[in-house]
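Report on one structure; see the data block that follows.
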Amino acid sequence: MANSVYEINKGINKSIEFKGLKAQYIWYLGIGILILLLVFGFLYVLGINQIICVVIIGGLGAVLFQKVYAMSNKYGEHGMMKRFAQRSVPKVVKSNSRKRFVKMKGGKYGKDTANLRN
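What follows is the structure, given as structure tokens:
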């Protein structure tokens with residue numbers, strides 16, 4: 118019997134990447150380009166010179182590419198979502214009473230945790 122050679126797919130569970138852009142940033146760039154296309158069409162319909170439209174859209178496109186690549190490099194695959202989630206975590210948790218902690222009895226969560234709602 119001949120030995121079979123199987124290739125290992127090392128891309129399993131990895132996020133998609135295209136030319137350095139990771140995960141959701143590919144979508145952000147695509148949506149940005151579509152918006153620039155619509156802006157170009159709007160400027161053209163308004164009667165602005167084509168060369169001026171191309172210069173405006175080219176400049177905005179360069180800024181778009183720069184910002185999206187910067188976010189991709191800075192935050193990575195999930196970093197921006199973690200950054201937004203971090204904003205919702207409170208800095209300090211204050212308690213004006215020891216009542217809740219005194220009522221807790223033994224164990225990891227206490228046997229009398231039903232009374233914590235008081």
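Residue numbers for the sequence shown follow our numbering, beginning at 118 and rising by one.
In this text, a Cβ means the ideal position worked out from N, Cα and C, and glycines have one as well.
In this text the structure is predicted, and so the values were computed from the model without any measurement.
Residue i versus residue j: straight-line alpha-carbon distance, rounded
i: GLY137; j: VAL185; result: 11 angstroms
i: LYS199; j: GLY175; result: 32 angstroms
i: PHE182; j: VAL162; result: 25 angstroms
i: LEU154; j: GLY147; result: 11 angstroms
Helix, strand or coil at residue i [DSSP, three-state]
i: LEU138; result: strand
i: ILE165; result: coil
i: VAL122; result: coil
i: LYS220; result: helix
i: ILE129; result: coil
Cutoff 6 angstroms; reference residue i; Cβ partners in own chain excluding five residues on either side
i: GLU194; result: SER132, LYS139 and ALA140
i: SER189; result: LEU138, LYS139 and TYR142
heavy atom of the ligand FMN below 6 angstroms from residue i C-beta
i: LYS131; result: The model on display carries no ligand, and the ligand FMN is accordingly not part of it.
Could you tell me which uninterrupted beta strand (DSSP E) segments, each at least 3 residues in length, are contained entirely in the stretch 157-212, listed from first to last along the chain? none
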